[in-house]
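Letter 50 of the sequence shown, counting from 1, is numbered 58 in this note's numbering, and no numbers are missing.
Glycine included, C-beta positions come from ideal geometry on N, C-alpha and C.
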Amino acid sequence: MVEIMARLVLASIAMIIILILGVWDIAIPTIQAYDPPSIFNRGSGGYSEVYSILRSLGYSVSSIDDLRALESYSPGSWVLVMASPDEELSQRDLLILLGWFSRGGRVIALDEVGTLSPLLGIFNASLTSMVRGTDASRCYVDGREFYVLYNMYSWIYIRPGSDVEVLCTINDIPTAVGMKIHGGELIFISDSSIVINNILGSRFGRNNLNFFLGLLGGKGVLFYEGGRHMVMLRTSYILSALMLIPLLFSYISDQILSSGVPGIFALLLTSILITVIMITVMQISGIPVRSGVSGKTSRVSINIDVTGIVVKGVERWRRLRERV
């Protein structure tokens, strides 16, 4: 009896918490949007594999979500890697990076969509048309030649008179360049996917990895993880979905009493539907593990209408029942 009462109390507390969270409409960060080239992304387009490889090779690896944190790192010991953030660099970001260059810092920027293109503008260069396909790019680092697989990339246009070293080309058009500034160096690669998980697992992975390692100069690798968008799940949607469940079961019970065997079949289908929805909500609500690396990402609200999913599912079940 005591155990039953304890469970009822816990269930009541849980319901109260759910109601409070639903009323406050709290946004829960879930997964990174758009399959970004991030060390926290274990998907095909993520950098989690290159992060693991770097650590296994003995490299110091860290991450920051705000460029102001560069003050805590020595340019003589670290290379800053910026891979196609979702948000374009601001003027404040550019000023901070210019300070990093003036201290002798190196930046490896990988971007085909243009969020890092303000860096190219400093050196009188720009990204042009995007190529939606795969090609082998001929690259040179420290006198060594690599054929690097590019997967959806942009051309780099260099204006006449620019002091830029071409590192990679496809059909004699630049796809990676190096530039000196204030004692520092910018290396810009017009494809952020050269070391994504999917590429490193392919037969081109070794060449791409060796090219990337050649750019590091044996220094520690500091990944910039700011400007990332996160999918947000709002607690009001979870509450709405939970509030619909009693109504669903009440409706199903009425149908069973009036329909007999077809109603039982409908109950099974609806139970499966509810199970799938709840599993999906649980998966969406899980914050991904971050490989033990410090650093956060910015968040953007992308609405997931769980209520709409449930309502559409019930309507689909009703139409199927009418056919029986």
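Closest in alpha carbon position to R111, among P83, D101 and L97, is P83. Relative to the Cα of S201, the nearest Cα in the group N218, M160 and V172 belongs to M160. Straight through space, the alpha carbons of W86 and F48 are spaced by roughly 20 Å. Contact check for V89 against L217 fails: the beta carbons are separated by 8 Å or more. In the structure shown, Y81 adopts coil according to DSSP, grouped into three states. Remark: C-beta atoms of G209 and I195 do not approach each other more closely than 8 Å.
Spanning the alpha carbons of G225 and L65 requires a straight line of approximately 14 Å.
Rounded to the nearest angstrom, the gap between the Cα atoms of R15 and I21 is 10 Å. In summary, Y55 is buried, with 16 or more beta-carbon neighbours lying within 10 Å of its beta-carbon over all protein chains present. Rounded to whole angstroms, the separation of the alpha carbons of A133 and I189 is 14 Å. Scanning the segment 194-233 for uninterrupted alpha helix (DSSP H) segments of 4 residues or longer gives 205-208 and 213-224, listed from N- to C-terminal end. For F109, the three-state secondary structure derived from DSSP is helix. Annotated as proximal: T123 and P93, with beta-carbon spacing under 8 Å. Cβ neighbours of S162 within its own chain (closer than 6 Å, five residues either side excluded): E120, L135, M138 and S198.
For R146, the enclosing beta strand (DSSP E) covers residues A133 to V149. Nearest Cα to G192 within the set L105, R214 and D143: L105.
Taking Y148 as reference, the option from E173, G129 and F131 with the minimal CA-CA separation is E173. For A144, the number of other beta carbons within 10 angstroms of its own is below 16, and it is reported as exposed. Going by C-alpha positions, V115 is about 12 Å away from L128.
Per DSSP, the unbroken beta strand (DSSP E) holding E173 starts and ends at E173 to I178.
Under a 10 Å Cβ-count criterion, G141 is classified as exposed, with fewer than 16 other Cβ atoms of the shown protein chains found around its own Cβ.
The continuous beta strand (DSSP E) containing S71 extends over residues V69 to I72.
Distance from the CA of I204 to the CA of S170, rounded to the nearest whole angstrom, comes to 30 Å. Inter-residue distance for I130 and S60 is about 33 Å (C-alpha atoms, whole angstroms).
Contact between G222 and D74 is ruled out by a C-beta separation of about 29 Å, above the 8 Å threshold. Taking the Cβ atoms as the reference, L97 lies roughly 16 Å from P45, outside the contact range of under 8 Å. Membership of V58 in the alpha helix (DSSP H) is indicated by the continuous run S56 to S64. The criterion of a C-beta distance shorter than 8 Å is satisfied by G228 and Y67.
A Cβ-Cβ distance of about 6 Å is found for the pair T183 and Y158, placing them in contact under the 8 Å criterion. Taking C-alpha positions only, G51 is separated from E57 by approximately 10 Å. Annotation for P126: the continuous alpha helix (DSSP H) segment containing it runs S125 to I130.
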